[in-house]
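Single-structure report; data block below.
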Amino acid sequence: MSTRTSKLSAEVRELLPLHVAVIMDGNGRWARAHGLPRAEGHRRGAESARAIIKAASEAGIRYLTLYTFSMENWNRPKTEVDAIMRYLAHYLKKEVGELNRSNVRLESIGQIHRLPEAVQRQLGKTRTALAENSGLTLVLALSYGSRAEIVDATRAIAEKAQAGQLDPAEVNEHLFSKHLYTHHIPDPDLLIRTSGEMRLSNFLLWQVSYAEMIVTPTLWPEFRKPQFHAALEEYAKRHRRFGEL
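Each number in my numbering comes from the position in the sequence shown (counting from 1) with 120 added on.
Quick look at the structure:
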């Protein structure tokens, strides 16, 4: 199926997820399989991100969260991390026009302060340039780890309790969610993981409690509009019970 002939069924258009989250896995394996350096896998992966953002926007998805750079990724070789950061800064600058044409807003979650200053500056510039858009909200998870997010939320609540700003008896799921990085974003309805790996990799552990999961063997650099549509079609067939009958 080509990207030109990939179309969503009427059923899917009636049952679109509000929020799709994606674990973009397989850049390194794709590069190795093609005899290319890992950096080329990340470049090709950025092309897939561009294609999926456009496909999500065209489909009418309201939120798309991409697991762009994890806390664990900081442990990769410095040359690889530097290459990823260069691609990220370049992408954020280069894609402003296209994202504006697609009416896309930009948000980010994670420990953004750990990113290189140049990336932080460009992230801020791009977010500001897209701030008035009202279509798809693109959320980039950068220097993100779900356990760190939960620890940060717990610390913030504990500090408020210690300062007398809230009673510990007030702490419930709703209040806890308000202290997560994603407090302004609805929980994902659909989580897609590429490359066939069957794990969450410390991604949105709290938020995906009731998300539908779709794992595809396709490596991320080869995941494009047809594969994204196939995931939406599969999602539409699921009966979401949320623990009920």
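We treat Cβ as the ideally placed atom computed from N, Cα and C, and that holds for glycine.
Because the structure is a prediction, the values reported are computed rather than measured.
Judged by pairs of C-beta atoms under 8 Å, the region 166 to 183 does not touch the region 235 to 248, as fewer than three such pairs exist.
By DSSP's assignment, R313 forms a beta bridge with I143 and V335. Counting C-beta atoms within 10 angstroms of its own C-beta, T199 has fewer than 16 neighbours from the protein chains shown and is therefore classed as exposed. The three-state secondary structure of A251, taken from DSSP, is coil. When only Cα atoms are considered, M144 and A238 end up about 24 Å apart. A straight-line Cα-Cα distance of about 47 Å links E218 and G284. Between S190 and Y264, the C-beta spacing is below 8 Å. With a 10 Å radius around the Cβ and a threshold of 16 neighbouring Cβ atoms, D309 comes out buried. Here the alpha carbon of W340 sits roughly 10 Å from the alpha carbon of Q347. A distance below 7 Å between beta-carbons, with the five flanking residues on each side excluded, links I204 to the following residues of its chain, in chain order: H162 and F189. In the structure shown, the three-state DSSP call for E293 is helix. Between I334 and the set V291, R358 and R344, the nearest pair of CA atoms involves R358. When H210, P137 and A351 are compared, the shortest CA-CA separation from T338 is found for A351. Straight across, the Cα-Cα distance linking Y301 with D307 is about 12 Å. Between the alpha carbons of R133 and G180 lies a gap of roughly 8 Å. For S190, the enclosing beta strand (DSSP E) covers residues Y183 to S190. Counting every other CB atom within 10 Å of its CB across the protein chains shown gives V271 a total below 16, marking it as exposed. Contact annotation: T336 and I312 have beta-carbon atoms nearer than 8 Å. Uninterrupted alpha helix (DSSP H) stretches at least 4 residues long and entirely within the region 188 to 261 occur at 198 to 214, 216 to 221 and 237 to 249, given in chain order. Separation of the CB atoms of T257 and R221 is rounded to 16 Å, and the pair is thereby denied contact status at 8 Å.
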